[in-house]
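Asks: Numbering that gives the first Met the number 0 numbers the first residue of the sequence shown as 0 and each following residue consecutively.
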Amino acid sequence: MNLIIGSHVSFNKDKQMLGSVIEALSYGSNTFMFYTGAPQNTNRSAICSNLTDLAHNLMLNENINIDDVVVHAPYIINLANDKNFDFNVKFLKEEIERVEALGVKKLVLHPGSHVNLGLEKGTSNIIKALNECLTSKTNVIVCLETMAGKGSEIGYRFEQLKEILDGVKLKDKVGVCLDTCHINDAGYDLNNFDEVLDEFDKIIGLDKLLVLHINDSKNIKGARKDRHENIGYGTIGFDNLIKIIYNEKLKDVPKILETPYVDTPIGKLAPYKREIMMIKDKKFNDNLVNDIVSDNK
Ligand code: FE
Ligand code: FE
Ligand code: ZN
């Protein structure tokens with residue numbers, strides 16, 4: 000089967016998406032995800048059309064389909080709360096324009112945290128914000144991410160995402176990104192993924208599932224924590240993750256690793272090349288850190 004797999008990669012202002020593609024190829028990926036700037040702030044530089052063209056040419060040569068590429072919106076913007084609501088809406092509008100300028104079609108967004116407003120008001124704020132940002136001309140699909148349920152996060156139950164999707168007027172401009180670490184931490188049982196996927200299909204519809212975030216978890220099911228772990232090194236486990244990745248119903252959905260960099264004697268290093276090898280071979284690597292170090296020597 001044609002596996003669409005990649006990871007989070009960097010995006011810096013000198014090379015922009017061209018640098019992201021080169022990094023993705025170095026991991027053996029055929030897709031990738033990036034932030035258009037630092038995830039924790041909203042400082043963004045203009046998209047350079049030259050670099051974008053070079054990135055697209057390289058993707059064509061290397062058989063990366065731009066439709067599988069993903070941008071992640073900065074997690075600092077919170078559409079659920081009243082605080083800075085207008086600023087956040089304006090930022091999301093501009094982010095959608097940047098993503099369009101890059102030719103990327105999928106933008107992953109954390110729905111938001113209601114803080115102390117309550118689920119109902121938070122949800123209606125998210126719906127209002129999305130309806131302000133999306134127009135009939137929008138050429139990007141905003142993919143709401145399944146959350147872990149940390150603090151007052153909205154979107155840790157499929158029903159909550161469904162309610163947001165139902166409130167959005169332009170239905171073809173919204174979808175869902177399912178994060179394996181997050182749904183585990185939210186309480187879904189990944190030992191029975193087929194049942195989880197059936198539940199997703201019943202409540203939201205599988206046609207809405209447009210991105211998968213593949214992460215193991217440092218915490219047990221239902222911990223409501225959100226701490227990612229390397230593939231096969233957490234509580235979800237290698238076999239469960241492989242079953243999800245190779246699920247026939249998800250074969251056309253891009254799979255993105257957001258696992259942590261590993262601590263090594265020569266510094267913090269990206270695990271993605273070796274994790275993607277494990278996934279392609281369907282064989283767990285219990286020597287991950289040493290292999291990563293030897294790749295970087
Ligand atoms: Fe995320
Ligand atoms: Fe994620
Ligand atoms: Zn997370």
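We treat Cβ as the ideally placed atom computed from N, Cα and C, and that holds for glycine.
Pick out whichever of Ile153, Thr137, Ile213 has its Cα sitting closest to the Cα of His109.
Replies: Ile153
Asks: Where does the unbroken alpha helix (DSSP H) through Leu240 begin, and where does it stop?
Replies: 237 to 244
Asks: Identify, in the order they occur along the chain, each residue of the same chain with its Cβ nearer than 8 angstroms to the Cβ of Ser48, setting aside the five sequence neighbours on each side.
Replies: Ala100
Asks: Is it true that the CB of Phe199 sits closer than 9 angstroms to the CB of Phe157?
Replies: Yes, these two residues count as a Cβ contact at 9 angstroms.
Asks: Counting C-beta neighbours from all protein chains within 10 Å, is the total for Asp67 16 or more, i.e. buried, or is it exposed?
Replies: buried
Asks: DSSP on Asp81, reduced to helix/strand/coil?
Replies: In the structure shown, Asp81 falls within a coil segment according to DSSP collapsed to helix, strand and coil.
Asks: In three-state DSSP terms, what is Leu208?
Replies: Here Leu208 sits in strand by DSSP.
Asks: Compare the beta carbon distance of Thr35 and Val70 with 9 angstroms and say whether it is the shorter of the two.
Replies: yes
Asks: Less than 8 angstroms between the CB of His181 and some heavy atom of ligand 3, yes or no?
Replies: yes
Asks: Cys142 by DSSP, collapsed to three states: which one?
Replies: strand
Asks: What residue range does the alpha helix (DSSP H) around Asp290 cover?
Replies: 287 to 294
Asks: Give a yes or no on whether the C-beta atoms belonging to Phe31 and Ile255 are separated by under 9 angstroms.
Replies: yes
Asks: For Ser123, does the three-state DSSP call read helix, strand or coil?
Replies: helix
Asks: Would the beta-carbon of Leu143 fall within 9 angstroms of that of Lys172?
Replies: Their beta carbons are not under 9 angstroms apart, which means Leu143 does not touch Lys172 by this criterion.
Asks: Can you tell me whether Tyr232 is buried or exposed, with buried defined as 16 or more other CB within 10 angstroms of its CB?
Replies: buried
Asks: Do Cys150 and Ile125 have their CB atoms nearer than 9 angstroms?
Replies: Per the sequence shown, residue 150 should be read as Gly rather than Cys. No, these two residues do not count as a Cβ contact at 9 angstroms.
Asks: Using the Cα positions of Asn295 and Glu119, report the straight-line distance between them to the nearest angstrom.
Replies: 49 angstroms
Asks: Near Met270, what residues of its chain come up, given a Cβ to Cβ distance below 7 angstroms and the 5 sequence neighbours on each side ignored?
Replies: At residue 270 the sequence reads Pro, which differs from the Met that was named. Listed in chain order, the non-local C-beta contacts of Pro270 below 7 angstroms within the same chain comprise Asn229, Thr258, Tyr260, Val261, Leu287, Ile291, local neighbours out to five positions each way being set aside.
Asks: I'd like to confirm something about Glu257: is its beta-carbon nearer than 8 angstroms to some heavy atom of ligand 2, or not?
Replies: yes
Asks: One question on the structure: do Lys207 and Val175 come within less than 9 angstroms of each other, judged by their Cβ atoms?
Replies: yes
Asks: Roughly how many whole angstroms lie between the Cα atoms of Ile297 and His181?
Replies: The requested residue 297 does not occur in the structure, where the chain is confined to residues 0 to 296.
Asks: Among the residues of its own chain, which have a CB less than 8 angstroms from the CB of Thr179, if the five just before and after it don't count?
Replies: Leu189, Leu211, His212, Ile213, Asn214, Asp215, Ser216, Ile235, Leu240, Ile243
Asks: With a CB to CB cut of under 6 angstroms and the five nearest residues on each side skipped, what residues in its chain are close to Val141?
Replies: Leu106, Leu108, Val173
Asks: Please name the residue or residues paired with Phe10 in a DSSP beta bridge.
Replies: BP columns for Phe10 are empty, so no partner.
Asks: Tell me which residue opens and which closes the beta strand (DSSP E) that His71 is part of.
Replies: 69 to 71
Asks: Whose CA, out of Lys168, Leu164, Asp225, Gly186, lies closest to the CA of Gly204?
Replies: Leu164
Asks: How about Leu169 and Asn130: are their beta carbons less than 9 angstroms apart?
Replies: At a Cβ-Cβ threshold of 9 angstroms, Leu169 and Asn130 count as neighbours.
Asks: So, at 8 angstroms on beta carbons, what are the nonlocal neighbours of Ser302 in its own chain, with the 5 sequence-adjacent residues on each side left out?
Replies: Because the chain spans 0 through 296 in this model, residue 302 falls outside it and cannot be assessed.
Asks: Give the straight-line distance between the Cα atoms of Phe283 and Pro38, rounded to the nearest whole angstrom.
Replies: 31 angstroms
Asks: In terms of residues, what are the limits of the alpha helix (DSSP H) holding Cys180?
Replies: Note, Cys180: alpha helix (DSSP H), 179 to 185.
Asks: Quick one: what's Gly174 bridged to in DSSP?
Replies: Cys142
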